[in-house]
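Asker:
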Amino acid sequence: MILKTLAFAFLLLLNNPAFSSVMVDDFVNQQHNFTPTPSNESSEDDRPEKIIKELFEAKIQASYIKDAAVINNRFFRHGEFLLSRQTDEELELEDERNTPEMKSLCSTSISDGRVYDAFNRLADNFHNHDSINDDYRDFNYVVSKNGTLFIMDAENGCHSYILKSKPEDPYYGIGKPVACAGKMSFSQGKITSINIDSGHYWPFEDQLVLVTHHLFKKGIFANDAKVGIRTYTRLPTDFISRYPRCEWEYEIPLQVFLSITPEEILNKYR
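Take 31 as the starting number for the sequence shown in our numbering and just add one per residue.
What follows is the structure in structure tokens.
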């Protein structure tokens, strides 16, 4: 409550003409501990006020994740991954899409560096959904504790429907812990984008680093793939100084994101 109050007060301050853009720039640079690379191009997205608001959103998000990890014990290490439990324990039995067959229907296979769905179709945002061929949609994905990739049409259900207990289990309906979950885009079997957009699991950037490296080893990313994140506060402290222009966006080129090593992440969880 205190954090939200402070954030609201600061946003009111942003609208005060006396709060100059110079002061905003000083605050941004102090938070990130770097000086942005000069650019001749400017856009509405580069306004200092927008960056400040995003910083506050990031801090609120980071605070929520930290509290969730400590209080609810949602995150834990398992081999080369960090697993996250479902954020709430609703049984979700009322949804007719939540069936025991969902796991097999969302399975994938990999051949020659390309991902195929459960029906042996190349994973592709344009062509292998259940509706008309020109309907472009992302996929929901989860990666299991053993590193297996599952994908589903984003309209066919939630991330927590894929990996379940047996139907007779009293906890059927609650998703099992996963290494990561979110949205994924494909073109001709190659991953073109991956993020952590899952409200059921709320994974965070450390998990995404580990899973991205795991999938990269399988050779299934497109050369121009992008990685989407929520906040830079969850990345190694020197990341921004290494790649200063990245702080202006929340989509990072794959090769830049892979510069964060699994060792950097896992060393924090020993």
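Note that the Cβ used here is the ideal one computed from N, Cα and C, for glycine as well. It should be emphasised that the depicted structure is a prediction, and the values quoted were computed from it without experimental measurement.
Looking at the structure shown, is Asp236 part of a helix, part of a strand, or coil, going by DSSP?
Answerer: Asp236 falls in the helix class under three-state DSSP.
Asker: Do we get a CB-CB distance below 7 Å when we pair Arg127 with the residues of chain C?
Answerer: As a matter of chain content, chain C is missing from the structure shown, which is built from one protein chain.
Asker: In angstroms, rounded to a whole number, what distance separates the CA positions of Asn128 and Ile270?
Answerer: Taking the straight line from one Cα to the other gives about 41 Å.
Asker: Between Tyr262 and Thr117, how many whole angstroms is the CB-CB distance? I'm expecting something under 8 Å.
Answerer: Not a contact, Cβ separation roughly 22 Å.
Asker: How many Å lie between Ile192 and Asp142 at the Cα?
Answerer: So the alpha carbons of these two residues sit roughly 25 Å apart.
Asker: Tell me the DSSP secondary structure of Arg151 in three-state form.
Answerer: Arg151 falls in the coil class under three-state DSSP.
Asker: Quick check: the Cα distance between Ser93 and Ile282, rounded to an integer number of angstroms?
Answerer: Reliability of the predicted coordinates at Ser93 is poor, the pLDDT of 47 falling under 50, and the value obtained from them is presented with this limitation in mind. Rounded to the nearest angstrom, the two C-alpha atoms are 23 Å apart.
Asker: By alpha-carbon positions, which one of Ser195, Cys188 and Asp236 ends up nearest to Lys213?
Answerer: Closest option to Lys213, Cα to Cα, is Cys188.
Asker: When you compare the CB positions of Ile17 and Ile226, do they come within less than 7 Å of one another, or not?
Answerer: This structure gives no information on residue 17, because the portion of the chain shown stretches from 31 to 300.
Asker: Is the separation between the beta-carbon of Leu179 and that of Thr138 shorter than 7 Å?
Answerer: For Leu179 and Thr138, yes; Cβs fall inside 7 Å.
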